[in-house]
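All the letters of the sequence shown, read from the start, carry residue numbers 0 to 551 under numbering that gives the first Met the number 0. Below: the structure, in structure tokens.
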Amino acid sequence: MSSAHLSCPVELSTDVAIVGAGPVGLMIANYLGQCGVNVTLVEKLDSLIDYPRAIGLDDESLRTFQAVGLAENVLPHTTPWHAMRFMTPKGRCFADIQPKTDEFGWSRRNAFIQPLADRVLFEGLARFDTVKVLFSRELEGFEQSDSGVQLTLKGADGRRECLKAQYLIGCDGGNSLVRRSLNISFEGKTAPNQWIVVDIANDPLSTPHVYLCCDPVRPYVSAALPHGVRRFEFMVMPGETEAELSQPENLRKLLAKVLPDPDRIELIRSRVYTHNARLAGRFREGRVLLAGDAAHIMPVWQGQGYNSGMRDASNLAWKLSRVIKGLAHDRLLDSYELERRDHAKAMIDLSVLAGHVLAPPKRWQGTLRDGVSWLLNYVPPIKRYFVEMRFKPMPQYTRGALIVPSEKGSPVGKMFIQPQVLTDAGITVLLDEVIGENFAIIGWGCDPTWGLSAAQMAHWQALGTRFIQVLPDVQLKAPSDAHHEVVRVGDSSGRLREWFARGSSSIALLRPDRFLAGLATPQTLGSVCDELALALSAQQLVSLTPVVSKVA
0 MSSAHLSCPV ELSTDVAIVG AGPVGLMIAN YLGQCGVNVT LVEKLDSLID
50 YPRAIGLDDE SLRTFQAVGL AENVLPHTTP WHAMRFMTPK GRCFADIQPK
100 TDEFGWSRRN AFIQPLADRV LFEGLARFDT VKVLFSRELE GFEQSDSGVQ
150 LTLKGADGRR ECLKAQYLIG CDGGNSLVRR SLNISFEGKT APNQWIVVDI
200 ANDPLSTPHV YLCCDPVRPY VSAALPHGVR RFEFMVMPGE TEAELSQPEN
250 LRKLLAKVLP DPDRIELIRS RVYTHNARLA GRFREGRVLL AGDAAHIMPV
300 WQGQGYNSGM RDASNLAWKL SRVIKGLAHD RLLDSYELER RDHAKAMIDL
350 SVLAGHVLAP PKRWQGTLRD GVSWLLNYVP PIKRYFVEMR FKPMPQYTRG
400 ALIVPSEKGS PVGKMFIQPQ VLTDAGITVL LDEVIGENFA IIGWGCDPTW
450 GLSAAQMAHW QALGTRFIQV LPDVQLKAPS DAHHEVVRVG DSSGRLREWF
500 ARGSSSIALL RPDRFLAGLA TPQTLGSVCD ELALALSAQQ LVSLTPVVSK
550 VA
């Protein structure tokens, strides 16, 4: 581990230190900030990165923006319902991915401008007195003990500062100093081909959606982005360099492939990227955790690098906030890697596969792809599999901070749906607006506190739990005999009734990241809640009950 024994004339302290002011670090800081946790965000650059990077934002990530109160701020920088179309060299669309479902309350595929979304996250931090951002601070090293982590930072003027924190989160990218300092492996592959990305203002095509053109000579991507931006991506062929391709005459040759007049463009920027597929050997080492690109990087073809980082932020932040507040034991943080690492690996594999579909390693594989895809397009179940994006592996946690399901096909471990609901005040809102940043115990038709003792009720209130009774809309007008802590909502769309009707349980126990942690009926709720409290390493219950946590 790197040394922090350097002269530090300035000493700072915080609950959580985050290294790296990219989207993942910014999102975690926003979540912890709204929970009242003291956060110091450290960034070696003097400002946010302003060049375009990711262009795909999914519904899970928008739900995470919603969780920190910034969804409405980022929406103007998105294009909802953004289709992805794979094209053969002759221009035939052989895979049209345009899912129209909105299980989680938002469009499943959205184009977006990352620097503008990052700016929304950064400006959101101004809401919190407990969050501090330090730009132009390079991490020189850190040391951890049983009680905390000490970081040594160096400013642009060479002055050193010591930052003491209870926990450190490394969000410092694929070349993470935090990860390297811990000697954590980062195994995987680097793609043999690079790609040059060209962003153009005042879109010279202005056709909607994103097209992945499987040209055997030079595969390319054409993507419509918000605010009139067009992105082209071209494969860099062997022997070509970034300096050569960036020359005006060579860039013109590339664009002549896709534009009728390559001279009439407003170039924003061009960059050459290498596509890596790598996964950290572990996500936690004591009081230090890794998130985002520091933990995993993947090719861009499914737009999941950014979104996987948002899943890390959503999973880790609520757990860390409970640990910092003394509401959960430190071992709850072990569940972060248990839950996130396998799914990150699945998304890496999917992204690599999509890259092979776009640019097969062998010419004959492209010919086979075109022929098979033409036939399969006429098989309705397979066509729906692509159109509805069912190939995308959705996270389902089978171990960690939840009650491990015993029956096959259980929804436990999956993200809960987010339909519109009607409040007692007669306002229609998305379900998460009722839950807030809390745990939730949601009962269909029943009082979701009926099966809890007074001690259990006090325990779940201390953890931060919203008790919600879901009713048909018309029943909201009737007087309520539920516990005074219960919030009643009307099932405006009938989707909650449909969800509960698929199983035999009438009560859903949700974590703050909206993942289903357990199922119960009114008569089993008490025992289920006790079992879940152990899985969550809830400090109050653990201190009274000598039972080993089920988090591992």
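Just so it is clear, CB atoms sit at the ideal spot from N, CA and C, and this is done for glycine as well. Note that the coordinates shown come from a computational prediction; the quantities given were computed from them, not determined experimentally.
In this structure, the beta-carbon distance from residue 411 to residue 308 does not fall below 8 Å. Under the three-state reduction of DSSP output, residue 97 falls in the coil class, being neither helix nor strand. Each residue's CA atom was taken as its position, placing residue 433 and residue 492 some 16 Å apart. Taken in chain order, the unbroken stretches of alpha helix (DSSP H) that lie wholly in the segment 413 to 470 and span 4 residues or more are 430 to 434, 453 to 462.
Runs of beta strand (DSSP E) with 3 or more residues, each lying fully within the segment 44 to 117, are found at 55 to 57, 83 to 86, 92 to 96, 108 to 111, listed in chain order. Secondary-structure assignment with DSSP links residue 142 through a beta bridge to 149.
Secondary structure in the segment 225 to 268: the beta strand (DSSP E) runs of 3 residues or longer, each lying completely within the stretch, are 228 to 234 in chain order. In the DSSP assignment, residue 522 falls outside any alpha helix (DSSP H) and carries neither an H nor an E. With contact defined as three or more Cβ pairs closer than 8 Å, the segment 479 to 491 and the segment 459 to 470 are in contact. Straight across, the Cα-Cα distance linking residue 157 with residue 287 is about 25 Å. A Cβ-Cβ contact shorter than 8 Å links residue 29 with residue 67. Remark: C-beta atoms of residue 126 and residue 58 do not approach each other more closely than 8 Å. 8 Å or more divides the Cβ of residue 53 from the Cβ of residue 219. The beta-bridge partner set that DSSP reports for residue 212 consists of 86, 219. In its chain, beyond the 5 residues on either side, 463, 464, 465, 511 have a beta carbon closer than 7 Å to the beta carbon of residue 437. Residue 235 holds the alpha-carbon nearest to the alpha-carbon of residue 193 among 230, 257, 187, 235. Going by C-alpha positions, residue 40 is about 12 Å away from residue 163.
Fewer than three pairs of CB atoms, one per stretch, sit closer than 8 Å, so the segment 13 to 28 makes no contact with the segment 77 to 84. Rounded to the nearest angstrom, the gap between the Cα atoms of residue 401 and residue 523 is 16 Å. Residue 295 places its beta carbon 8 Å or farther from that of residue 310. In this structure the segment 178 to 185 does not lie against the segment 209 to 227, because fewer than three pairs of beta carbons, one per stretch, are closer than 8 Å. A Cβ-Cβ distance of about 6 Å is found for the pair residue 51 and residue 114, placing them in contact under the 8 Å criterion. Beta-carbon to beta-carbon, residue 325 and residue 23 are separated by about 25 Å, too far to satisfy the 8 Å threshold.
For residue 163, the three-state secondary structure derived from DSSP is strand. Contact between the segment 222 to 240 and the segment 196 to 212 is present, with at least three C-beta pairs closer than 8 Å. According to DSSP, residue pairing for residue 39 in a beta bridge involves 16, 131.
For residue 509, the enclosing beta strand (DSSP E) covers residues 506 to 509.
The three-state secondary structure of residue 188, taken from DSSP, is strand.
Using a Cβ distance threshold of 8 Å, residue 283 and residue 333 count as a contacting pair. Put simply, the backbone Cα of residue 239 is about 16 Å away from that of residue 254.
Here residue 100 is exposed: its Cβ has fewer than 16 other Cβ atoms, across all protein chains shown, within 10 Å. Excluding residues up to 5 positions away in sequence, 276 lie with their Cβ nearer than 7 Å to the Cβ of residue 188 in the same chain.
In the structure shown, the three-state DSSP call for residue 532 is helix. Counting along the chain, residue 487 sits inside the beta strand (DSSP E) bounded by residues 485 to 489.
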